[in-house]
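**Q** Numbering (the numbering used here), first residue to last: 61 to 342. We treat Cβ as the ideally placed atom computed from N, Cα and C, and that holds for glycine. The model shown is predicted, which means the values in this text are computed figures rather than measured ones. This is the structure I want to talk about, given as structure tokens.
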């Protein structure tokens, strides 16, 4: 898959009813400076004009493959199937309302080339809210964390911006080791956290200090619809324990990471606040 040191990269575009904005996402992919890019679109049985937009784009860009589903798989099923079909050595999620800079792949692929042990490279991000406001996100909590346990402890805290690396470029070999993005026993709630947690246990993440991705929230954005209640959080904790157990870490390291997830959800508010003072976020 490597041609003169330039590996094939797959842009994974899971979409459902994105006719109003997916064209902007696809055009940003077409403008990439990276010469070897596969664009893989999975339409999850859209009921609007998404397929028409995607088909028109694919007709003009031969490096595009389109998966037209007749049954809705949900964003997890759609995303996992696209990863399984990808041909690239490196891949990234180009969600149907995101826009990436022309040098996005070039800069992140370069970061992974320079750090062979790293499993994922990501950039800073600008987020556009539904009301038109904009926020800047830069996730730096993993910088300087050389051990899997150290990275895992950071991700367990779910610090501000923990989700930013999900808009990063990752190695296909890492995806194969993780086995995909798994739901928890309450559904798809925050499944990207357990995915990133497991990836962080496999190797370092590299931050490229440039704003190369713009995230546009829509009224129907999935993450805006999740109920952030106690039952959902408890299910997420259980999923985190399961993901750590699946990882290649030794038993002692797994125990160090699992212990907070087993104990913390059951502590009272005052105890939690006291522990946060003693063990502040990284």
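(1) Classify residue 106 as helix, strand or coil using the three-state DSSP reduction.
(2) Just to confirm my understanding: we take residue 117, look at its own chain, exclude 5 residues before and 5 after, and list those with CB closer than 6 Å. What are they?
(3) Enumerate in chain order the residues of its own chain whose CB-to-CB distance from residue 221 is below 6 Å, with the five nearest sequence positions on each side excluded.
(4) Starting from the N-terminal side, write out each stretch of the alpha helix (DSSP H) that is 4 residues or longer and does not extend beyond the segment 158-201.
(5) What do you get for residue 207, buried or exposed, if any count of 16 or more other CB atoms within 10 angstroms of its CB means buried?
(6) Quick one: Cα of residue 331 to Cα of residue 217, how far?
(7) Let me make sure I understand the geometry here. Which of 276, 224, 234, 272 has the alpha-carbon closest to that of residue 253?
(8) Looking only at its own chain, which residues have a Cβ that is under 7 Å from the Cβ of residue 136, when we skip the five neighbours before and after it?
(9) Provide the residue span of the alpha helix (DSSP H) that contains residue 279, from first to last.
(10) Can you list the alpha helix (DSSP H) stretches of 4 or more residues lying completely in the segment 117-163, in chain order?
(11) Taking C-beta to C-beta, are residue 134 and residue 97 nearer than 8 Å?
(12) Return helix, strand or coil for residue 263, following the three-state DSSP convention.
(13) Is the CB-CB distance between residue 152 and residue 230 below 8 Å?
(14) Nearest-angstrom Cα distance between residue 167 and residue 268?
(15) With residue 149 and residue 67 assumed to form a contact (beta carbons below 8 Å), what rounded beta-carbon distance in angstroms separates them?
(16) Secondary structure at residue 247, three-state DSSP: helix, strand or coil?
(17) Could you say which of 322, 84, 289, 108 lies nearest to residue 302 if we only look at CA atoms?
(18) So, are the CB atoms of residue 344 and residue 129 less than 8 Å apart?
(19) For the alpha helix (DSSP H) containing residue 306, name the first residue and the last one.
(20) I'd like the list of long-range same chain contacts for residue 186, defined as Cβ closer than 8 Å, with 5 residues on each side in sequence excluded.
**A** This is what the structure holds:
(1) Of the three classes helix, strand and coil, the one that applies to residue 106 here is coil, per DSSP.
(2) For residue 117, the CB contacts under 6 Å within the same chain, skipping 5 residues up- and downstream, are 86 in chain order.
(3) Once the five neighbours on either side are set aside, the close Cβ partners of residue 221 are 197, 199.
(4) Runs of the alpha helix (DSSP H) inside the segment 158-201: 164-174.
(5) Looking at its Cβ environment, which holds fewer than 16 other Cβ atoms inside 10 Å, residue 207 is exposed.
(6) In this predicted model, residue 331 has a pLDDT of only 40, less than 50, meaning its place in the structure is not dependable enough to derive any value.
(7) Selected option, being the one with the closest Cα: 224.
(8) Excluding sequence neighbours, residue 136 sits near 241, 243, 248, 251.
(9) From DSSP, residue 279 is part of no alpha helix (DSSP H); its letter is neither H nor E.
(10) Here the runs fully enclosed are 134-145.
(11) No, these two residues do not count as a Cβ contact at 8 Å.
(12) Of the three classes helix, strand and coil, the one that applies to residue 263 here is coil, per DSSP.
(13) Here residue 152 is near residue 230, since their CB atoms are less than 8 Å apart.
(14) Going by the C-alpha atoms only, they are around 7 Å apart.
(15) Taking C-beta atoms under 8 Å as the contact rule, residue 149 and residue 67 qualify, at a distance of about 4 Å.
(16) Per DSSP, reduced to three states, the secondary structure at residue 247 is strand.
(17) The shortest Cα separation from residue 302 among 322, 84, 289, 108 belongs to 322.
(18) This structure does not reach residue 344, given that the chain is present from 61 up to 342, and the question cannot be answered.
(19) Where residue 306 is concerned, the enclosing alpha helix (DSSP H) stretches over 290-306.
(20) Within the same chain, residue 186 has close Cβ partners 194, 195, 196, 197, 271, 273, 274, 275.
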